[in-house]
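Worksheet: one structure, shown below.
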Amino acid sequence: MKKTFKKGWTISFALILLAGSIVGYSSGNTADNIAKHTANETAAAGNTNAKRESVTLRFSWWGGDEHHKATLAVIDLYMKKHPNVKIEAEYSSYAGYYQKLVTQLSLNTAPDIIQIDQPWLADLTSHSDVFVDLKDKFDVAGFDQSFLDSFSVVNGKLQALPTGVNGDVMIYNKDAMSKVGIQVDEKLDWDKLIAYGEQLKSVDKSAYLLNAGLHNIADILRKYTVQHTGKRWINQNYKLGFTKQDAVDAFKLLLKMEESHVLEPFEDILPFDEDPSQNPKWANGQLMGYIDQVSELENYQSTTKGTLDVVQAPILVGAADTGVVIRPSQLIAVNAASENQETALDFLNFFYHDPAAIKTLGTVRGVPATKGARTQLLDVKMMDPLVAKGIQIATATKGSNENSVEANNEIYSITTDIIQKVGFKKATPEEAADELIQRLNEKLAELKAG
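For the sequence shown, the UniProt record's numbering begins at 1 and goes up steadily by one.
Below, the structure is given as structure tokens:
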């Protein structure tokens, strides 16, 4: 079993880890890189039409309140340095974002700068060049090339830039857990998760272990299945990586989690499906943790007064594949149809490399994707120790990479639809497994045909 870190894990150790080794990140002279980008921006001022003429850009993203505040602040910083540029912010929650973006791209009304989820990239770029190839247009100094190759390059083109490094963990309210006598094991597994729920149920029948939306639940069941099969949930060749019995077992786990107070009843989950962090039970300590990506930590922290801590996501003892995914927090791309690509690229240079922008963004999108940003935040002790700890744990427990087929938005929609049927007792695990396999195979055949 790979090493995990105890409560004494400190920011000083994070410096050793993050400055050079997370997911093979490349080295380089960080101070020189930041100074170079600052100098380049100063020297370039006034030298391009984009900086002399009035320009309006649109920038779309999703996220929680902390994401919004930090991103809006960076936009303001840029506009103060470039008074001829106006950047219109178009921000929202995750729900419905993809569908809206696809419509905008098809109608040629998409923003100039677009945040996307990494699993969408292959789908969005499969039919046309919707994003600017950044390979020769953006200085990627400080980004790890292998990370870019794995997650940002499609058909040999650098389609987008990662905002941060992310990974799957369980984050929990340490104060709330302690009050009910639960000490969370750092090597969390499924049996322990159920046992914690049962213990909680015996103490407080109004409390539940996990705060979750349908998307989270789908990911939990996928992890459970991948750990049991040792295969990806769906393979890149459009074939399922699980059997009917595997699906039945996953849906039985879902019912067991609800029965044991690991999950709330579905009628209580759905009102907060778009943003579970806004569930008042999380704020008052009646929901005690969540299994999600590290980048969500600050959003959840902002809506509770409890002290949070991080452990590994549940992992089956002896699993051939942990199901834990390391990936970009999000990606940012430039619309190929934008009439102001030069200014959009200049803003992205500021967003990723300017010291003031780095300080403002902090770790709201996870551990920053550039070495310069990571080192700067660590030097001034701005790296949230829990974020750093979460990335360390996710890296230590990393499984196989998620592929673009299983991450397809329509695949998720089918999965969450059937999860609701099981949750509301409209289908048995066996019935749900049959429907899941049939509908997924139909959709996969359609996706494969293009």
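No residue lacks a Cβ here, since even glycine has one placed at the ideal position from N, Cα and C.
Checklist entry - Which of the three DSSP states, helix, strand or coil, is assigned to T415? => result helix
Item to check | C-alpha gap between T4 and G390, whole angstroms | outcome: With a pLDDT of 30 at T4, under the threshold of 50, the modelled position of this residue cannot be trusted, and the question is left open.
Next on the checklist: Here's a check: name, in chain order, each residue in its chain whose Cβ is nearer than 6 Å to the Cβ of R439, leaving out the five neighbours to either side.
Outcome noted: Same-chain partners within the cutoff: I414.
Next on the checklist: Pull the bridge partners of G366 from the DSSP assignment, please.
Outcome noted: V364
Item to check | Backbone secondary structure at I171 - three-state DSSP | outcome: strand
Checklist entry - From D384 to L447, what does the alpha carbon distance come to, in whole angstroms? => result The alpha-carbon atoms of D384 and L447 are separated by roughly 40 Å.
Next on the checklist: Given a cut-off of 8 Å on the beta-carbon distance, is the pair L188 and L263 in contact?
Outcome noted: no
Checklist entry - Taking the alpha-carbon positions, what's the F424 to K398 distance? => result 33 Å
Checklist entry - For H353, does the count of other Cβ atoms within 10 angstroms reach 16, so buried, or fall short, so exposed? => result buried
Checklist entry - Who are the Cβ neighbours of V248 in its own chain at under 7 Å, not counting the five residues just before and after it? => result P429, E430 and A433
Checklist entry - In its own chain, which residues sit with a C-beta less than 6 Å from the C-beta of N84, not counting the 5 before and 5 after it? => result S54
Checklist entry - In whole angstroms, what separates the C-alpha of R365 from that of K179? => result 31 Å
Next on the checklist: Which residue marks the beginning of the beta strand (DSSP E) containing R58, and which one marks its end?
Outcome noted: Run containing R58: V55 to W62, per the beta strand (DSSP E) assignment.
Item to check | Run of the alpha helix (DSSP H) containing M257, from where it starts to where it stops | outcome: Here the alpha helix (DSSP H) through M257 covers K244 to E259.
Checklist entry - Going by other Cβ atoms of all chains shown within 10 Å of its Cβ, with 16 needed for buried, is T343 buried or exposed? => result buried
Next on the checklist: Assuming contact is defined by CB atoms lying nearer than 8 Å, are V165 and L361 in contact in what I supplied?
Outcome noted: No, the Cβ-Cβ distance between V165 and L361 is not below 8 Å.
Next on the checklist: Residues in the same chain with beta-carbon distance under 6 Å from V422, minus the five sequence neighbours each way, listed in chain order, please.
Outcome noted: F251, L254 and A432
Checklist entry - By how many angstroms is the C-alpha of S202 removed from the C-alpha of G372? => result Rounded to the nearest angstrom, the two C-alpha atoms are 49 Å apart.
Checklist entry - Is it a yes or a no for the segment 120-136 touching the segment 326-340, going by three-plus beta-carbon pairs under 8 Å? => result The answer is yes - the segment 326-340 touches the segment 120-136, with three or more Cβ pairs under 8 Å.
Next on the checklist: What would DSSP say about R232, mapped onto helix, strand or coil?
Outcome noted: Three-state DSSP puts R232 in coil, outside helix and strand.
Checklist entry - By how many angstroms is the C-alpha of P265 removed from the C-alpha of E258? => result One alpha carbon belongs to E258, the other to P265, and they sit about 6 Å apart.
Next on the checklist: Within a Cβ cutoff of 7 Å, which residues of the same chain sit near L345, ignoring the five residues on either side of it in sequence?
Outcome noted: Counting only Cβ-Cβ distances below 7 Å, and skipping sequence neighbours, we find K137, F138 and V334.
Item to check | Simplified DSSP state of Q330, which is helix, strand or coil | outcome: coil
Next on the checklist: Bridge partners for E88 per DSSP, in chain order?
Outcome noted: Answer by DSSP bridge pairing, in chain order: R58.
Next on the checklist: Measuring only the C-alpha atoms, how far is D168 from N108?
Outcome noted: Across the structure, D168 and N108 are spaced so that their CA atoms are roughly 35 Å apart.
Next on the checklist: Within a Cβ cutoff of 6 Å, which residues of the same chain sit near G450, ignoring the five residues on either side of it in sequence?
Outcome noted: none
Checklist entry - Mind checking A320: buried by the 16 CB within 10 Å criterion, or exposed? => result exposed
Checklist entry - What's the call for P119, buried or exposed, on a 16-neighbour Cβ count within 10 Å? => result buried
Checklist entry - Considering only C-alpha positions, which residue in the set F347, Q376 and K244 is nearest to H82? => result F347
Checklist entry - Between the Cα of D417 and the Cα atoms of L316, G285 and L436, which residue gives the shortest distance? => result Taking only the C-alpha atoms, the option nearest D417 is L436.
Item to check | A45 classed as buried or exposed, judged by whether at least 16 other C-beta atoms fall within 10 angstroms | outcome: Unreliable positioning characterises A45 in this predicted model, as indicated by a pLDDT of 46, which lies under 50. The coordinate reading is nonetheless provided below. Looking at its Cβ environment, which holds fewer than 16 other Cβ atoms inside 10 Å, A45 is exposed.
Checklist entry - If you run the structure through DSSP and keep just helix, strand and coil, what is A433? => result Reduced to three states, the DSSP call for A433 is helix.
Next on the checklist: Comparing C-alpha positions only, which one of Q286, L287 and D309 sits nearest to L297?
Outcome noted: D309
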